[in-house]
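Undergrad: Numbering (our numbering), first residue to last: 8 to 267. Quick reminder that beta carbons are idealized off the backbone N, C-alpha and C, glycines included. Sharing a structure below in structure tokens format, with a few things to ask.
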């Protein structure tokens with residue numbers, strides 16, 4: 008099969024499955040604060056596990072003999088700083104409430120574009136590597152889409168805005184991969200394994216920032232509005248949060264075994 012046709016078919020499948028995964032939280036949350044909070048904790052664990060069990064190890068494997076402390080550390084830091092700079096920029100561009108939503112969505116979409124660049128570049132090399140990278144991307148993209156939807160709900164976006172932003176995220180990787188494949192075919196780029204590995208590590212830095220961002224947000228349970236409860240965090244709610252985050256961590260771990 009022609010590589011271009013194969014890539015288009017895989018991208019169509021990726022778009023459908025990513026969007027389908029992203030709308031699952033919208034269907035099961037029933038707008039309940041408790042349900043959304045539970046899904047938020049679960050999503051934090053999924054993102055953490057995805058970064059450290061799938062994205063960063065994949066990037067290091069692709070770099071092969073080029074791996075060293077600088078080649079791993081610098082793209083991770085650059086990915087983190089890029090997300091931090093993006094949030095600062097949006098903080099100056101809009102009100103704080105909307106900033107959290109905009110920077111969160113943009114960071115996930117940027118991550119999707121980086122995945123697309125990796126996928127499109129890999130199709131220039133050989134089919135074995137391209138399918139391996141596609142599998143790695145789809146494995147972490149589905150739980151990531153689930154997490155994005157949950158976090159957008161928790162931030163209070165309307166359903167209409169959530170659907171649009173999920174659409175953008177679902178299309179980010181397929182469109183960027185097709186564009187990069189076309190450009191790479193024209194200019195005959197080769198030996199992109201190191202480049203793709205660096206991009207995966209950059210994505211890992213993006214995810215580390217997102218994890219940090221989530222944990223810096225107020226994630227307290229809804230408490231009665233009394234003078235005492237305003238400054239109280241229940242141990243039960245904190246324990247429940249830990250349990251759900253650990254449950255989320257298990258999902259990428261299991262997916263990494265499936266990939267191997």
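1) By the DSSP assignment, the alpha helix (DSSP H) with residue 75 in it spans what residues?
2) Give a yes or no on whether the minimum CB-CB distance between residue 79 and chain B is below 8 angstroms.
3) Would you report the Cα separation of residue 110 and residue 158, rounded to the nearest angstrom?
4) Distance check for residue 112 and residue 171, CA to CA, integer angstroms please.
5) Beta-carbon separation of residue 173 and residue 155 under 8 angstroms?
6) Note down the Cα distance separating residue 263 from residue 45, rounded to an integer number of angstroms.
7) Rounded to a whole number of angstroms, what is the C-alpha to C-alpha distance between residue 95 and residue 127?
8) For residue 176, count neighbouring C-beta atoms within 10 Å of its own C-beta (all shown protein chains included) and say buried if the count is 16 or more, exposed if not.
9) Take residue 74 and list the residues in its own chain whose beta-carbon comes closer than 7 angstroms to its own, dropping the five residues that flank it on each side.
10) Do you know offhand how far residue 87's Cα is from residue 12's?
11) In whole angstroms, what is the alpha-carbon distance linking residue 161 and residue 181?
12) Using a threshold of 8 angstroms, state whether the C-beta atoms of residue 143 and residue 28 are closer than that.
13) Taking C-beta to C-beta, are residue 210 and residue 118 nearer than 8 angstroms?
14) Short check: CB of residue 25 to CB of residue 259, under 8 angstroms?
15) Cutting at 7 angstroms between CB atoms, please list the residues of its own chain near residue 150, excluding the five before and the five after it.
16) Do you know offhand how far residue 249's Cα is from residue 65's?
17) Which of the three DSSP states is assigned to residue 44 in this structure?
18) Here's a check: name, in chain order, each residue in its chain whose Cβ is nearer than 8 angstroms to the Cβ of residue 147, leaving out the five neighbours to either side.
19) Given this structure, state the Cα-to-Cα distance separating residue 208 from residue 84, to the nearest angstrom.
TA: A quick look at the data gives this:
1) On the chain shown, residue 75 is found 68 positions in, with the first residue counted as 1. Neither: residue 75 is in no alpha helix (DSSP H) and is coded neither H nor E.
2) Among the protein chains of the structure shown there is no chain B, as only one such chain exists.
3) Reading the chain shown from its first residue, position 103 is the one you call residue 110. Reading the chain shown from its first residue, position 151 is the one you call residue 158. Rounded to the nearest angstrom, the two C-alpha atoms are 12 angstroms apart.
4) Translated into the one-based positions of the chain shown, residue 171 becomes position 164. Translated into the one-based positions of the chain shown, residue 112 becomes position 105. Rounded to the nearest angstrom, the two C-alpha atoms are 11 angstroms apart.
5) Numbered from 1 along the chain shown, position 166 holds the residue referred to as residue 173. Numbered from 1 along the chain shown, position 148 holds the residue referred to as residue 155. Yes, these two residues count as a Cβ contact at 8 angstroms.
6) Along the chain shown, one-based indexing puts residue 263 at 256. Along the chain shown, one-based indexing puts residue 45 at 38. Approximately 24 angstroms, taken between the alpha carbons.
7) The residue labelled residue 95 in the question sits at position 88 within the chain shown. The residue labelled residue 127 in the question sits at position 120 within the chain shown. So the two alpha carbons sit approximately 30 angstroms from each other.
8) Here the question's residue 176 lines up with position 169 in the chain shown. Buried, since its Cβ has 16 or more Cβ neighbours within 10 Å.
9) Against the chain shown, residue 74 aligns to sequence position 67. 67.
10) Taking the chain shown and counting its residues from 1, the one referred to as residue 87 is at position 80. Taking the chain shown and counting its residues from 1, the one referred to as residue 12 is at position 5. Rounded to the nearest angstrom, the two C-alpha atoms are 35 angstroms apart.
11) Here residue 161 refers to the residue found at position 154 of the chain shown. Here residue 181 refers to the residue found at position 174 of the chain shown. Roughly 27 angstroms between the two C-alpha positions.
12) Residue numbering aside, residue 143 sits at position 136 when the chain shown is read from its first letter. Residue numbering aside, residue 28 sits at position 21 when the chain shown is read from its first letter. No, the pair does not count as a contact, with Cβ atoms beyond the cut-off.
13) Sequence index remark: in the chain shown, residue 210 carries index 203 (1-based). Sequence index remark: in the chain shown, residue 118 carries index 111 (1-based). Yes, the Cβ-Cβ distance between residue 210 and residue 118 is below 8 angstroms.
14) The count along the chain shown starts at 1 and reaches residue 25 at position 18. The count along the chain shown starts at 1 and reaches residue 259 at position 252. No, the pair does not count as a contact, with Cβ atoms beyond the cut-off.
15) Taking the chain shown and counting its residues from 1, the one referred to as residue 150 is at position 143. These residues qualify, in order along the chain: 53, 57, 258 and 259.
16) Along the chain shown, one-based indexing puts residue 249 at 242. Along the chain shown, one-based indexing puts residue 65 at 58. So the alpha carbons of these two residues sit roughly 27 angstroms apart.
17) Counted from its first residue, the chain shown places residue 44 at position 37. Here residue 44 sits in helix by DSSP.
18) Sequence index remark: in the chain shown, residue 147 carries index 140 (1-based). Cβ within range, chain order: 57, 61, 62, 259 and 262.
19) Here residue 208 is taken as the residue at index 201 of the chain shown, counted from 1. Here residue 84 is taken as the residue at index 77 of the chain shown, counted from 1. Spanning the two alpha carbons is a distance of roughly 9 angstroms.
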